[in-house]
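Visitor:
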Amino acid sequence: MDDDRKKPPMEPSLTYTYKQVENTIINLDVFLPSKRYGARNIPSPIMLFIHGGAWIGGNRQEFSRPVFEEFLSHEFVVVSTDYRLVPESSFVNGQLEDIRDVETWIKTEMPSKLKDHGFDVQTEQVVVVGGSAGALLALLTPKLWKTKPSAILAIYGPTNMHRLPRRTTTTGPLASLKIPCPSPETLKEITNYDCPPSNTPRPTSAAEWLSPRTKMGIYMFRSETVVDLLLHGLTQTEQDGKRLLAFPQAGSATKEEIDQISPLQLCETIEYPPVYQYTGAQDGLFETCHVTDFAAALEKQGIPHKEHIVPGVDHAFDMGAKVGDDVHLNVIKPAVDWIVQVVGSS
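If you number the sequence shown the way the numbering used here does, the last residue is 410 and the count never jumps.
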């Protein structure tokens with residue numbers, strides 16, 4: 065059973081290393097549309113998926129299969145990427161650089177590689193999809209990339225980084241968890257600054273979901289130090305020749321720093337592409353105001369947008385969805401259909 069859980073929702077067609085930073089290798093998977101969808105004699109558009117994991121964990125194999133299947137059914141080439149993780153790597157100068165650099169790879173390196181497999185791609189037609197933490201990264205691509213994406217599908221992610229997490233500390237499912245501040249010894253044990261990770265294994269049991277690194281992420285939300293950890297990392301001091309790690313102080317990140325990674329604020333100065341957002345009405349991490357407030361900001365700027373707040377479901381509700389089930393047909397398919405329509409690739 066656990067072996068099955070460790071398998072990705074679907075196997076990739078190809079895997080590449082798109083970047084290496086010292087000892088850290090960063091890979092991505094490519095999924096090619098199948099002839100069973102009716103191949104066209106025109107180049108395929110591209111969908112880039114950015115996984116979640118609270119910016120400190122996760123990997124490119126963590127996605128909702130129906131999301132990928134829907135884009136493949138519209139003959140997109142689907143790419144799912146890893147990226148360096150916080151806190152070993154800087155959010156701004158590590159993680160965001162990886163999301164910036166993947167644009168160059170998929171537009172300049174990937175076309176020739178896929179041509180060897182009989183596929184042409186439309187490098188000017190790139191849709192970015194992100195889930196949870198990955199949704200934030202997706203919503204930052206208009207700032208990071210040389211050319212903004214054709215559209216963005218943001219799935220239960222934060223848009224106002226000044227308002228994290230709020231629900232988590234009061235009524236969300238994490239509110240009752242008593243997670244102490246990780247000790248310097250624990251932080252040393254669960255981090256690897258010598259070879260900063262670009263992925264972490266997919267949890268397959270309750271024990272793994274409450275691993276020390278996962279607890280670090282829970283504490284980050286419970287202590288309201290998310291943006292502080294993202295922007296400043298763990299604090300490091302020397303004592304008796306040993307490096308001691310500690311969580312940053314809550315509130316240490318400045319308003320100006322937060323504005324630069326907050327889509328709601330960036331929307332005032334950066335032109336966004338069309339954006340579709342869906343989330344659960346009972347999302348325990350990010351309140352639905354992240355969706356509605358960002359929608360209002362997009363509306364003010366005259367940017368096409370659509371939202372779906374799904375009743376009665378929590379965070380990451382689509383991760384266990386099956387092809388053809390209610391979540392697929394009533395949530396995922398309408399979202400992808402809207403994206404396809406606005407980018408004109410159907």
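Just so you know, even glycine gets a beta-carbon here, dropped at the ideal spot from N, CA and C.
Could you spell out the range, first to last residue, of the alpha helix (DSSP H) harbouring H181?
Guide: No alpha helix (DSSP H) holds H181; DSSP gives it neither H nor E.
Visitor: Using beta-carbon positions only, say whether P213 and T205 come within less than 7 angstroms of one another.
Guide: With a cutoff of 7 angstroms on beta-carbon distance, P213 and T205 are scored as near each other.
Visitor: Rounded to a whole number of angstroms, what is the C-alpha to C-alpha distance between I216 and E320?
Guide: 25 angstroms
Visitor: What number of angstroms, rounded off, separates the C-alpha of T81 from the C-alpha of P97?
Guide: 21 angstroms
Visitor: Three or more C-beta pairs closer than 8 angstroms, one from the stretch 308-315 and one from the stretch 274-293: is that the case here?
Guide: Yes, they touch.
Visitor: Buried or exposed, going by whether 16 or more other CB atoms sit within 10 Å of the CB of T301?
Guide: exposed
Visitor: Between which two residues does the beta strand (DSSP E) containing L349 stretch?
Guide: Here L349 belongs to no beta strand (DSSP E), and DSSP marks it neither H nor E.
Visitor: Are the Cβ atoms of G116 and G195 separated by less than 7 angstroms?
Guide: yes
Visitor: Which class does G388 belong to by DSSP, given the choice of helix, strand or coil?
Guide: In the structure shown, G388 adopts coil according to DSSP, grouped into three states.
Visitor: Quick one: is G158 buried, meaning 16 or more other Cβ sit within 10 Å of its Cβ, or exposed?
Guide: In this structure G158 is buried. Its beta-carbon is surrounded by 16 or more other beta-carbon atoms within 10 angstroms.
Visitor: Any contact between the stretch 377-394 and the stretch 120-131? By contact I mean 3 or more CB pairs, one from each, below 8 angstroms.
Guide: yes
Visitor: Out of L362, V291, A310 and F358, which one is the CA nearest neighbour of W28?
Guide: A question about residue 28 goes unanswered here, because the residues of the chain that appear run from 65 up to 410.
Visitor: Using the DSSP secondary-structure output, state which residues sit across from N91 in a beta bridge.
Guide: T81
Visitor: With DSSP as the reference, label G194 as helix, strand or coil.
Guide: G194 falls in the strand class under three-state DSSP.
Visitor: Determine the extent of the beta strand (DSSP E) in which A271 is found, giving its start and end residues.
Guide: Segment A270 to W273 is the alpha helix (DSSP H) holding A271; no beta strand (DSSP E) there.
Visitor: Shortest alpha-carbon distance to G267 belongs to which of T278, Y340 and P248?
Guide: The sequence as given places Pro at residue 267; Gly does not occur at that position. The residue with the shortest Cα to Cα distance from P267 is T278.
Visitor: Report buried or exposed for P246, applying the criterion of at least 16 other Cβ atoms within 10 angstroms of its Cβ.
Guide: buried
Visitor: Output yes or no for whether 7 angstroms exceeds the beta carbon distance between V339 and H372.
Guide: no
Visitor: Beta strand (DSSP E) containing E302: first to last residue?
Guide: T299 to Q303
Visitor: Does the Cβ-Cβ distance between R148 and P260 come in under 7 angstroms?
Guide: yes
Visitor: Compare the beta carbon distance of V190 and F113 with 7 angstroms and say whether it is the shorter of the two.
Guide: Between V190 and F113, the C-beta spacing is not below 7 angstroms.
Visitor: Could you have a look at K171 and say whether DSSP puts it in helix, strand or coil?
Guide: Residue state, collapsed to three classes: helix.
Visitor: Just list the residues that DSSP pairs I373 with in beta bridges.
Guide: T343
Visitor: Considering I110, what are the terminal residues of the alpha helix (DSSP H) in which it resides?
Guide: First-last for I110: S108 to I114, but that is the beta strand (DSSP E), not the alpha helix (DSSP H).
Visitor: According to DSSP, what are the bridge partners of T145?
Guide: In DSSP, T145 forms a bridge with L92 and I114.
Visitor: Please determine whether the Cβ atom of V191 lies at a distance below 6 angstroms from any heavy atom of the ligand NAP.
Guide: The ligand NAP is not part of the structure shown, which contains no ligands of any sort.
Visitor: I'd like to know whether the C-beta atoms of F140 and P175 end up nearer to each other than 7 angstroms.
Guide: Taking 7 angstroms as the Cβ cut-off, F140 and P175 do not qualify as a contacting pair.
Visitor: Near T79, which residues of its chain fall below 8 angstroms by C-beta distance, leaving aside the five closest residues on each side in sequence?
Guide: So the qualifying residues of the chain are N91, L92, D93 and V94.
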